[in-house]
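Notes for the one structure printed next.
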């Protein structure tokens, strides 16, 4: 059985040996079984929830050393979840980027079908933000709803990164928020600590270092717990709170039960 905490972009950080994942030619395949039971606040856990993370270089952990210092791994550990990370450097909703072997967010969804995660996070640092219009963003959330119709999806407000145009990022965030809501995904605003941060939080001119990832993880945990898990026990969003009731053939939900963050903060748009 392969190690489930090995450092690769499709790796699983295991808190319990419930899921075993191998990467063959860049494709995640399941060699173990996944318990089908879905954890809720009032039911027993048969195993820790498996939580998938889709994203770009901020979510692969570029700049973090060791890889376990990345924000997704920190969040998973803090919540008692099994991490299944399918992020790709340089990617975005419909763009694989220029890194060999890369995949867009939409293409990454296919790796989740066999795993059947209990929760999916979608996170972006704004690669190709101006080009990611509603059609491109909708494709990812529609793919998730089609592949995982009963799985809660949480879209994070795009991470602020240095060098990005504030207005472009603000408009991008609005498109992501609208698309997430219309496809039954939760959208969490973040008081992103990287806005205006100095070099001590960055490994290079764009990517956060381990300290920066720790700050991101804390901001995400605060937002997530304020909405779904006030006791910090690893609770998942209640079934239906992030799931569209009906998906039409066109990809639009006929009826949506989307959950928007009630703790929504005014986004900062005066520079990164």
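Numbering (this note's numbering), first residue to last: 859 to 1130. Here a beta-carbon is modelled for each residue, glycine too, at the ideal position from N, C-alpha and C. Just so it is clear, the structure is predicted and the values come from calculations on it, not from any experiment.
Span of the beta strand (DSSP E), counted from its first residue to its last, around residue 912: For this step, residue 912 is matched to residue 54 along the chain shown. Taken as a continuous stretch (DSSP letters only), the beta strand (DSSP E) holding residue 912 covers 908–912.
Which one of 989, 1047 and 1022 has the shortest CA to CA distance from residue 1013? For the purposes of this step, residue 1013 is taken as residue 155 along the chain shown, with counting starting at 1. Residue 1013 has its Cα closest to that of 1047, out of 989, 1047 and 1022.
At the level of alpha carbons, what is the spacing between residue 954 and residue 994? If you number the chain shown from 1, residue 954 lands on position 96. If you number the chain shown from 1, residue 994 lands on position 136. Approximately 12 Å between the Cα atoms of the pair.
Taking the beta carbon of residue 906 as the centre, do at least 16 other beta carbons fall within 10 Å, making it buried, or is it exposed? Position 48 of the chain shown, counted from the first residue, corresponds to residue 906. It is buried - the Cβ of residue 906 has at least 16 other Cβ atoms within 10 Å.
Out of 1062, 990, 1020 and 944, state which residue places its alpha-carbon closest to the alpha-carbon of residue 1033. By one-based count along the chain shown, residue 1033 stands at place 175. The candidate whose alpha carbon is nearest that of residue 1033 is 990.
What residue range does the beta strand (DSSP E) around residue 1040 cover? As a first step, residue 1040 is located in the chain shown; it is residue number 182 there, counting from the start. No beta strand (DSSP E) contains residue 1040, which is instead part of the alpha helix (DSSP H) from 1024–1040.
Could you give the DSSP three-state label for residue 961: helix, strand or coil? Locating residue 961 in the chain shown gives position 103, where the first residue counts as 1. In the structure shown, residue 961 sits in coil (DSSP, three-state: anything other than H, G, I, E or B).
In whole angstroms, what separates the C-alpha of residue 1057 from that of residue 1074? Reading the chain shown from its first residue, position 199 is the one you call residue 1057. Reading the chain shown from its first residue, position 216 is the one you call residue 1074. The alpha-carbon atoms of residue 1057 and residue 1074 are separated by roughly 15 Å.
How close, in whole Å, do the beta carbons of residue 1078 and residue 929 come, if the pair is a contact with beta carbons under 8 Å? Counting from one through the chain shown, the residue named residue 1078 turns up at place 220. Counting from one through the chain shown, the residue named residue 929 turns up at place 71. Contact flag correct, Cβ pair sits at about 7 Å.
Please say whether residue 1080 and residue 1044 have beta carbons closer to each other than 9 Å? As a working note, residue 1044 is residue 186 in the chain shown. As a working note, residue 1080 is residue 222 in the chain shown. Taking 9 Å as the Cβ cut-off, residue 1044 and residue 1080 do not qualify as a contacting pair.
Since residue 960 and residue 949 should fall inside the 8 Å C-beta cutoff, what is the C-beta to C-beta distance between them, to a whole number of angstroms? Taking the first residue of the chain shown as position 1, residue 960 is located at position 102. Taking the first residue of the chain shown as position 1, residue 949 is located at position 91. The pair is a contact, with the Cβ atoms about 5 Å apart (cut-off 8 Å).
Below 8 Å on the Cβ atoms is my contact criterion, and I expect residue 1062 with residue 982 to pass it. Report the Cβ-Cβ distance as a whole number of Å. On the chain shown, residue 1062 is found 204 positions in, with the first residue counted as 1. On the chain shown, residue 982 is found 124 positions in, with the first residue counted as 1. Going by Cβ atoms, the distance from residue 1062 to residue 982 rounds to 18 Å, so no, they are not a contact pair.
Could you please give the first and the last residue of the uninterrupted beta strand (DSSP E) stretch that includes residue 940? What you label residue 940 is simply residue 82 of the chain shown in a count that begins at 1. Unbroken beta strand (DSSP E) run through residue 940: 940–943.
To the nearest angstrom, how far is it from the Cα of residue 1088 to the Cα of residue 925? Against the chain shown, residue 1088 aligns to sequence position 230. Against the chain shown, residue 925 aligns to sequence position 67. Cα to Cα, the separation comes out at about 28 Å.
Are residue 964 and residue 943 close, meaning C-beta to C-beta below 9 Å? Reading the chain shown from its first residue, position 106 is the one you call residue 964. Reading the chain shown from its first residue, position 85 is the one you call residue 943. No, they are not a contact pair.
Rounded to a whole number of angstroms, what is the C-alpha to C-alpha distance between residue 935 and residue 1086? Sequence index remark: in the chain shown, residue 935 carries index 77 (1-based). Sequence index remark: in the chain shown, residue 1086 carries index 228 (1-based). Their Cα atoms are separated by approximately 17 Å.
From the DSSP secondary-structure annotation, give me the bridge partner or partners of residue 1044. The sequence position of residue 1044 within the chain shown is 186, counting from 1. Partner(s): 1012.
Could you give the C-beta distance for residue 973 and residue 908, rounded to a whole number, given that I count them as a contact under 8 Å? Here the question's residue 973 lines up with position 115 in the chain shown. Here the question's residue 908 lines up with position 50 in the chain shown. Sure, about 6 Å apart at Cβ, within 8 Å.
The beta strand (DSSP E) enclosing residue 799, as first and last residue numbers: The question about residue 799 has no answer here: the residues shown for the chain are numbered 859 through 1130.
Under 8 Å by Cβ, that's how I've got residue 1090 and residue 1083 pegged, so tell me the actual separation to the nearest angstrom. On the chain shown, residue 1090 is found 232 positions in, with the first residue counted as 1. On the chain shown, residue 1083 is found 225 positions in, with the first residue counted as 1. That pair is a contact at about 6 Å.
Whole-Å CB distance - residue 946 paired with residue 957, under 8 Å assumed: Here residue 946 refers to the residue found at position 88 of the chain shown. Here residue 957 refers to the residue found at position 99 of the chain shown. Residue 946 to residue 957, Cβ: 7 Å. Contact.
Taking residue 962 as the reference, which of 976, 1068 and 912 has the closest Cα? Reading the chain shown from its first residue, position 104 is the one you call residue 962. The candidate whose alpha carbon is nearest that of residue 962 is 912.
Based on Cα-Cα distance, which residue from 1096, 1072, 1068 and 1097 lies nearest to residue 922? Position 64 of the chain shown, counted from the first residue, corresponds to residue 922. Of the listed residues, the one whose Cα sits closest to residue 922 is 1068.
Would you mind giving the Cβ-Cβ distance between residue 1019 and residue 984, rounded to the nearest angstrom? I have them listed as a contact below 8 Å. Walking along the chain shown from the start, residue 1019 turns up at place 161. Walking along the chain shown from the start, residue 984 turns up at place 126. Yes, residue 1019 and residue 984 are in contact; Cβ-Cβ is about 6 Å, under 8 Å.
Locate the alpha helix (DSSP H) running through residue 1001, then write down its first and last residues. Position 143 of the chain shown, counted from the start, is the residue given in the question as residue 1001. Start and end: 992–1005.
Check whether the Cβ atoms of residue 1015 and residue 1037 sit closer than 9 Å, and answer yes or no. One-based indexing of the chain shown puts residue 1015 at position 157. One-based indexing of the chain shown puts residue 1037 at position 179. No, Cβ-Cβ distance for residue 1015 and residue 1037 is not below 9 Å.
Residue 910 vs residue 975 beta-carbon contact at 9 Å: Within the chain shown, residue 910 is the residue found at index 52, counting from 1. Within the chain shown, residue 975 is the residue found at index 117, counting from 1. Yes, Cβ-Cβ distance for residue 910 and residue 975 is below 9 Å.
Helix, strand or coil, according to DSSP, for residue 1017 in the structure here? Your numbering for residue 1017 matches position 159 in the chain shown. Of the three classes helix, strand and coil, the one that applies to residue 1017 here is coil, per DSSP.
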